[in-house]
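See below for the structure under consideration.
Number of protein chains: 2
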Amino acid sequence: MSTAVLAQAARVGQGLRTGAICTSTKTMAIAPYQRIVDDVKRQLRTGALQPGDRLPSTRELARRWKVALATAAHALRTLAQEGVVKAVPRVGTIVAGGPSRSGTTRGSADLTRERIVRAAIAIADDEGLPALSIRGVAAKLGLPVMSLYRYVASKDVLLFMMAEVAFAEERLPAKPPAGWRAQLELAARLEWRVFQRHPWLARVVNLTRPQPQENALAYADWIMRALEETRLPAQEAMRVHVLLHAFVQGIAVNLESEADAVAQSGMNDEEFMRRNLDAFLRVATSGRFPHFEKVLTGLRPGFDLDFDALFEQGLGVWLDGLEARLARRPGPAKPR
Amino acid sequence: MSTAVLAQAARVGQGLRTGAICTSTKTMAIAPYQRIVDDVKRQLRTGALQPGDRLPSTRELARRWKVALATAAHALRTLAQEGVVKAVPRVGTIVAGGPSRSGTTRGSADLTRERIVRAAIAIADDEGLPALSIRGVAAKLGLPVMSLYRYVASKDVLLFMMAEVAFAEERLPAKPPAGWRAQLELAARLEWRVFQRHPWLARVVNLTRPQPQENALAYADWIMRALEETRLPAQEAMRVHVLLHAFVQGIAVNLESEADAVAQSGMNDEEFMRRNLDAFLRVATSGRFPHFEKVLTGLRPGFDLDFDALFEQGLGVWLDGLEARLARRPGPAKPR
DNA sequence: TGGCGTGTGCGTACACCGTACGCACCATGA
DNA sequence: TCATGGTGCGTACGGTGTACGCACACGCCA
């Protein structure tokens, strides 16, 4: 992952809704700092604020919104990180002109941000997503807890950046293989590999509410290019894309629960393993589910549900189906 | 319905770990009351406790485990609810004999339990899973907060029960339609319908480890019966089952995030909608993703991702693939 | 007929979370 | 010089799940 990605995520990812992912805040409509950010953005859209204009000072904002100084500062900092605004120390913050040229400025801030995201990923990787907390990340890095908020704005944003970084670990090749099927396979396997490495990801991503994730878009772009030769209408292509993604995610989600369970209680607890298996087998073999029972006993003793094989098989089956459907279509839809 | 994981159970047998779902307790190995429950069950297995034996009293347990009285009582009550033990007030608790005949006794306790589960489902349905809290359920029912623990043992158990009740709303018909494909379709649609009604389920299901869910087993049994005519080996049948489930769940997870977002901030918040869409479009149409952009503009203006259509299409494609694969197989695998 | 021991019931409190707030700080420019 | 700008972080609030502490009602035996 390049730090450019991080900057991107930081700039653009702030649009996440607080509470959309994290479990807190059942009634809070919107985070205070976010409200201010939104308002400034609206003023930018309506033209009430022009590039070069000076924003209200931190204290002015705090007074106007009846909010703590730090909260107003947080809002301004967030805006600055997104690049829509430029903080000029000891002078004020002014609206950045045009399409935010500041994307390439590398500072120590970005470095710290990267460390934070990496630490968070490490925690999520080997302790599971529920074990990830801002306080924990801070402790791991030896930083004061609240200082993290100077770099990540909120936990949701942190999760967003984690996803972005994780996906950036795998890169689509510059030169795609021949044929739409091979390209779809490649993309799916790539996504799968990422999910394997970071099981928590399956729960963090959501394709539905389109966050502008750089890598997700690159991925989508790849899929669309692959499908071009099939001449599917736009709507159909989009559906194929979503379905493929849903398939990978569907398996990955199961992968996650496995990883979580393993991570959370060292698995060596024999009692823990036995507890449910016993109950499960007792019910399963109660005679009320004869067909399932038969299959269960028909399994080889050392049967292992290999998620990799499962994934490959499912992918193959699905692409077979798609290929058949395309072949049935009128027009030149050359398979493979 | 994590029958995906049921297969795993055959292999290693995971368990529902307390704390696997709830976000608390990052380091707590296992809940105190659960430890006691486990120990008693182990003694039952090893024969140290025989049917008819008297268990240690609440106070004795509390002393021995260095735990509060109420915690020991909680453990005993949990055991009683599971039917492995019978509480005789003012006398003690004795080990129930044999395969727990008490499954059918309906008491006011079960009634309250049902009310709790229903209230919880109602909350999750229209406020989303993150808004579901024990305190909230208690408030909704006008019950003292801690009194809920007399009926549900823990939030994890509550989630488990919610899933069970939700799935029980849809019933597989007694007489299956003709042909394996129609049967698989029927089962998948049934599961899908449940997920639509209760979007939160998609996330709960895979968190709940392979508990012996009655309905999940019925579902698995149905699938296995449907696949019998295909003469797939046990291992393959299991895989098909898991894959089908993963597919439905994969789409359902996306459905959930949509539902959550809608529930959380009344959607009439124009700013909220604009915020993400604007950022998304700005990046998407930046010229770096030409193929995706082309598809995006090729969509009909009012294009909305219809999850129902998506589901049907994906199901069709996948079953097409499976059918083709079965037809290619040696032996009498009559399709349709 | 006490009092001891039983399970019962619920209010309080703890540990943890995300993060808004309060305040001390420092660098500037008028 | 000092008011005014942003900076940095400790504290505290409102939330969570649930263990703990204590009061209670009853059955048995002295």
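Those protein sequence lines, which keep their order, are chains Z and L. All you need for this note's numbering is the position in the first sequence, starting with 1, plus 86. All you need for this note's numbering is the position in the second sequence, starting with 1, plus 86. Ideal Cβ positions, reconstructed from N, Cα and C, are used throughout, including at glycine. Remember, it's a predicted structure, so these values are computed and weren't measured experimentally.
Simplified DSSP state of residue i, which is helix, strand or coil
{"i": "glycine 138 of chain L", "result": "coil"}
{"i": "isoleucine 180 of chain L", "result": "strand"}
{"i": "alanine 264 of chain L", "result": "coil"}
{"i": "arginine 187 of chain L", "result": "Residue placement at arginine 187 of chain L is flagged as unreliable, the pLDDT there being 44, under the threshold of 50; a coordinate-derived value is accordingly withheld."}
{"i": "lysine 226 of chain L", "result": "helix"}
{"i": "valine 243 of chain L", "result": "helix"}
{"i": "valine 369 of chain L", "result": "helix"}
{"i": "alanine 117 of chain Z", "result": "coil"}
{"i": "lysine 172 of chain L", "result": "strand"}
{"i": "aspartate 406 of chain L", "result": "helix"}
{"i": "glycine 336 of chain L", "result": "helix"}
{"i": "glutamate 315 of chain L", "result": "coil"}
{"i": "histidine 331 of chain L", "result": "helix"}
{"i": "alanine 413 of chain L", "result": "helix"}
{"i": "aspartate 211 of chain L", "result": "helix"}
{"i": "arginine 283 of chain Z", "result": "helix"}
{"i": "glycine 400 of chain Z", "result": "helix"}
{"i": "glutamine 269 of chain L", "result": "helix"}
Proximal residues of chain Z, C-beta to C-beta of residue i below 9 angstroms
{"i": "histidine 284 of chain L", "result": "Chain Z residues near histidine 284 of chain L: none, gap ~16 angstroms exceeds 9 angstroms."}
{"i": "phenylalanine 281 of chain L", "result": "Within 9 angstroms Cβ-Cβ: nothing; phenylalanine 281 of chain L doesn't reach chain Z, min ~12 angstroms."}
Alpha-carbon to alpha-carbon, residue j and residue i
{"i": "tryptophan 286 of chain Z", "j": "glutamate 168 of chain Z", "result": "26 angstroms"}
{"i": "alanine 260 of chain L", "j": "alanine 302 of chain Z", "result": "44 angstroms"}
{"i": "valine 290 of chain L", "j": "alanine 410 of chain Z", "result": "35 angstroms"}
{"i": "alanine 338 of chain L", "j": "leucine 396 of chain Z", "result": "19 angstroms"}
{"i": "phenylalanine 393 of chain L", "j": "alanine 252 of chain L", "result": "20 angstroms"}
{"i": "threonine 113 of chain L", "j": "arginine 121 of chain L", "result": "Unreliable positioning characterises threonine 113 of chain L in this predicted model, as indicated by a pLDDT of 44, which lies under 50. A coordinate reading is not provided."}
{"i": "alanine 61 of chain Z", "j": "serine 219 of chain L", "result": "Residue coverage of chain Z in this structure runs from 87 to 422, which leaves residue 61 of chain Z outside it and unanswerable."}
{"i": "glycine 228 of chain Z", "j": "arginine 221 of chain Z", "result": "10 angstroms"}
{"i": "alanine 413 of chain Z", "j": "glycine 336 of chain Z", "result": "27 angstroms"}
{"i": "glutamate 342 of chain L", "j": "proline 216 of chain L", "result": "12 angstroms"}
{"i": "leucine 244 of chain L", "j": "valine 326 of chain L", "result": "30 angstroms"}
{"i": "alanine 288 of chain L", "j": "alanine 173 of chain L", "result": "36 angstroms"}
{"i": "alanine 206 of chain Z", "j": "aspartate 242 of chain L", "result": "25 angstroms"}
{"i": "alanine 274 of chain Z", "j": "arginine 236 of chain Z", "result": "36 angstroms"}
{"i": "serine 110 of chain L", "j": "alanine 239 of chain L", "result": "In this prediction, serine 110 of chain L scores a pLDDT of 36, lower than 50, which makes its location untrustworthy; the coordinate-derived value is nonetheless stated afterwards. Rounded to the nearest angstrom, the two C-alpha atoms are 16 angstroms apart."}
{"i": "serine 143 of chain L", "j": "glutamate 300 of chain L", "result": "32 angstroms"}
{"i": "alanine 249 of chain Z", "j": "valine 231 of chain Z", "result": "22 angstroms"}
{"i": "leucine 322 of chain L", "j": "glycine 265 of chain Z", "result": "According to the sequence shown, residue 322 of chain L is glutamate rather than leucine. Cα-Cα distance, rounded: 29 angstroms."}
{"i": "lysine 226 of chain L", "j": "arginine 199 of chain L", "result": "14 angstroms"}
{"i": "serine 186 of chain L", "j": "valine 123 of chain L", "result": "With a pLDDT of 45 at serine 186 of chain L, under the threshold of 50, the modelled position of this residue cannot be trusted; read the value that follows with caution. Whole-angstrom Cα-Cα distance: 16 angstroms."}
{"i": "arginine 415 of chain Z", "j": "methionine 247 of chain Z", "result": "41 angstroms"}
{"i": "phenylalanine 29 of chain Z", "j": "leucine 367 of chain Z", "result": "A question about residue 29 of chain Z goes unanswered here, because the residues of chain Z that appear run from 87 up to 422."}
{"i": "arginine 279 of chain Z", "j": "glutamine 399 of chain L", "result": "26 angstroms"}
{"i": "valine 328 of chain Z", "j": "alanine 156 of chain L", "result": "50 angstroms"}
{"i": "aspartate 406 of chain L", "j": "arginine 317 of chain Z", "result": "20 angstroms"}
{"i": "leucine 391 of chain L", "j": "glutamine 282 of chain L", "result": "15 angstroms"}
Residue i: contacting residues in chain Z (beta-carbon distance under 7 angstroms)
{"i": "glutamine 167 of chain L", "result": "Within 7 angstroms Cβ-Cβ: nothing; glutamine 167 of chain L doesn't reach chain Z, min ~13 angstroms."}
{"i": "arginine 325 of chain L", "result": "Leu396 and Gln399"}
{"i": "glutamine 136 of chain L", "result": "Within 7 angstroms Cβ-Cβ: nothing; glutamine 136 of chain L doesn't reach chain Z, min ~18 angstroms."}
{"i": "valine 381 of chain L", "result": "Met310, Ala320, Ala323 and Met324"}
{"i": "leucine 287 of chain L", "result": "Here the premise fails: no neighbours, minimum Cβ distance about 12 angstroms."}
Inter-residue CB distance, residue i and residue j (contact presumed, cutoff 8 angstroms)
{"i": "leucine 408 of chain Z", "j": "valine 223 of chain L", "result": "So it is not a contact: roughly 44 angstroms between Cβ atoms."}
{"i": "leucine 234 of chain Z", "j": "isoleucine 209 of chain Z", "result": "No, leucine 234 of chain Z and isoleucine 209 of chain Z are not in contact; Cβ-Cβ is about 13 angstroms, not under 8 angstroms."}
{"i": "threonine 164 of chain L", "j": "tyrosine 119 of chain L", "result": "7 angstroms"}
{"i": "leucine 141 of chain Z", "j": "valine 181 of chain Z", "result": "7 angstroms"}
{"i": "leucine 401 of chain Z", "j": "glutamate 213 of chain Z", "result": "That pair is no contact at about 30 angstroms."}
{"i": "valine 381 of chain L", "j": "methionine 310 of chain Z", "result": "5 angstroms"}
{"i": "leucine 197 of chain L", "j": "valine 170 of chain L", "result": "No, leucine 197 of chain L and valine 170 of chain L are not in contact; Cβ-Cβ is about 22 angstroms, not under 8 angstroms."}
{"i": "glycine 384 of chain L", "j": "alanine 304 of chain Z", "result": "Glycine 384 of chain L to alanine 304 of chain Z, Cβ: 19 angstroms. No contact."}
Contacts that residue i makes with chain L (C-beta to C-beta distance below 8 angstroms)
{"i": "glutamate 314 of chain Z", "result": "His377"}
{"i": "alanine 306 of chain Z", "result": "Phe375 and Phe378"}
{"i": "arginine 311 of chain Z", "result": "His377"}
Contacts of residue i in chain L (Cβ-Cβ under 7 angstroms)
{"i": "isoleucine 122 of chain Z", "result": "In chain order: nothing, as chain L lies at least about 12 angstroms away."}
{"i": "arginine 411 of chain Z", "result": "Val403 and Asp406"}
{"i": "leucine 303 of chain Z", "result": "Val369, Ala370, Phe375 and Phe378"}
Chain-ordered neighbours of residue i on chain Z, where CB pairs are closer than 8 angstroms
{"i": "leucine 385 of chain L", "result": "Ala320, Gln321 and Met324"}
To be precise: take each residue of the region 258-276 of chain L, compare its Cβ to all Cβ atoms of chain Z, and keep it if any distance is under 9 angstroms. Which residues remain? Listed by position, the residues of the region 258-276 of chain L near chain Z (Cβ gap below 9 angstroms) amount to none.
Residues in the region 217-248 of chain Z having any Cβ partner in chain L nearer than 8 angstroms: Cβ contacts with chain L: Ala217, Ser219 and Gly222.
Cβ-based contacts, 7 angstroms cut-off: residues of the region 328-340 of chain Z near chain L: Per Cβ criterion, the list reads Val328, Leu329, Ala332, Phe333, Gln335, Gly336, Ile337, Val339 and Asn340.
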